[in-house]
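According to our numbering, the stretch in the sequence shown is residues 1 to 229, in order. Below is one structure, written out as structure tokens, with a few remarks after it.
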Amino acid sequence: MDKLRVFIGWDSREDIAYQVARRSLIRHASVPVEVTPIKLDTLVEDGIYTREIDPLASTEFTYSRFLVPHLAGYEGWALFVDCDFLFFGDVADLGRYMDPDKAVACVQHDYTPKETTKMDGVQQTVYPRKNWSSFMLFNCAHPSTRQLTVEKVNTESGAYLHRMQWAKDDEIGSIPETWNWLDGWSAKPAQGRPAAVHYTSGGPWFEAWQDVSYAGEWHAEADAWRAEA
């Protein structure tokens, strides 16, 4: 892999989470990475995103994440990741999961959240393949991925999008859990750290969530970003 295009979901309530995800991803990468925030306001202004506001959507990028193949010109590979991540791994290692026969690759959790609400009081929803879409390696030129047109992303159901019904089951590649390690759910690694920690229920940028795994490392990354800003 010579370089990687990365799209990170951005939420106006969680800018610091985005900044930490971006900085930690770039800092550990051994290849050039081009990081683009998925900002809902920008997509609306550009006339790309036209869905009505969904009261059940937990973030501003709940649906817009599926515009990544379009934003990448339906060419090559592109990574989407939620903003509530902390990276310790080198994203160049994801190259081994870029199977040309797959439309997308992700960590295929069998996950049921323990909490009924998320970090900011938003209702926690339970559905099949939950969290699969929080870290997606898109094969943007694949025929099934090309099904994610602007029109479909704006009109199809959440189930169609998040359960990856736009791809056949055998077109969904598997990535090891270390790349979408769910805090409070995934087992601690026997040694070292996960490649990517996902604070899916609550992160250290919320006062009530300071006892999460790797909170010290998250704060160190946040402090380093503030010093550079």
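Backbone N, C-alpha and C fix where the C-beta goes; we use that ideal spot for every residue, glycine too. These numbers come from a predicted model, not from an experiment.
Same chain, Cβ closer than 7 Å to residue i, neighbours up to 5 away in sequence not counted
i	result
Asp90	His28, Ala29 and Ser30
Glu217	Leu86
Ser64	Ile38, Leu40, Leu43 and Tyr49
Check whether residue i and residue j have beta carbons under 8 Å apart
i	j	result
Phe85	Val68	no
Val33	Val6	yes
Tyr18	Ile8	yes
Ala92	Phe135	no
Glu177	Cys83	no
Ser174	Ala105	yes
Coarse secondary structure for residue i, derived from DSSP in three states
i	result
Leu25	helix
Leu240	One cannot answer for residue 240 here, as it falls past the ends of the chain, which runs 1 to 229.
Val31	coil
Ser144	coil
Phe138	strand
Pro100	coil
Arg5	strand
Thr200	coil
Trp166	coil
Gly47	coil
Ser213	coil
Ile175	coil
Trp225	helix
Alpha helix (DSSP H) segment containing residue i, residue limits
i	result
Ala105	From DSSP, Ala105 is part of no alpha helix (DSSP H) but of the beta strand (DSSP E) over Val104 to Cys106.
Gly158	Gly158 to His162
Exposed unless 16 or more other CB atoms sit within 10 angstroms - verdict on residue i
i	result
Gly73	exposed
Ser133	buried
Ile53	exposed
Neighbourhood of residue i by C-beta, 6 Å cutoff - its chain only, sequence neighbours within 5 removed
i	result
His142	Ala103
Asn154	Thr50 and Arg51
Pro100	none
Ser12	none
Pro194	Thr178 and Trp181
Test: residue i CB closer than 8 Å to a CB of chain D
i	result
Trp166	In summary, chain D is missing from the structure at hand, where a single protein chain is found.
Run of the beta strand (DSSP E) containing residue i, from where it starts to where it stops
i	result
Leu71	Segment Val68 to Leu71 is the alpha helix (DSSP H) holding Leu71; no beta strand (DSSP E) there.
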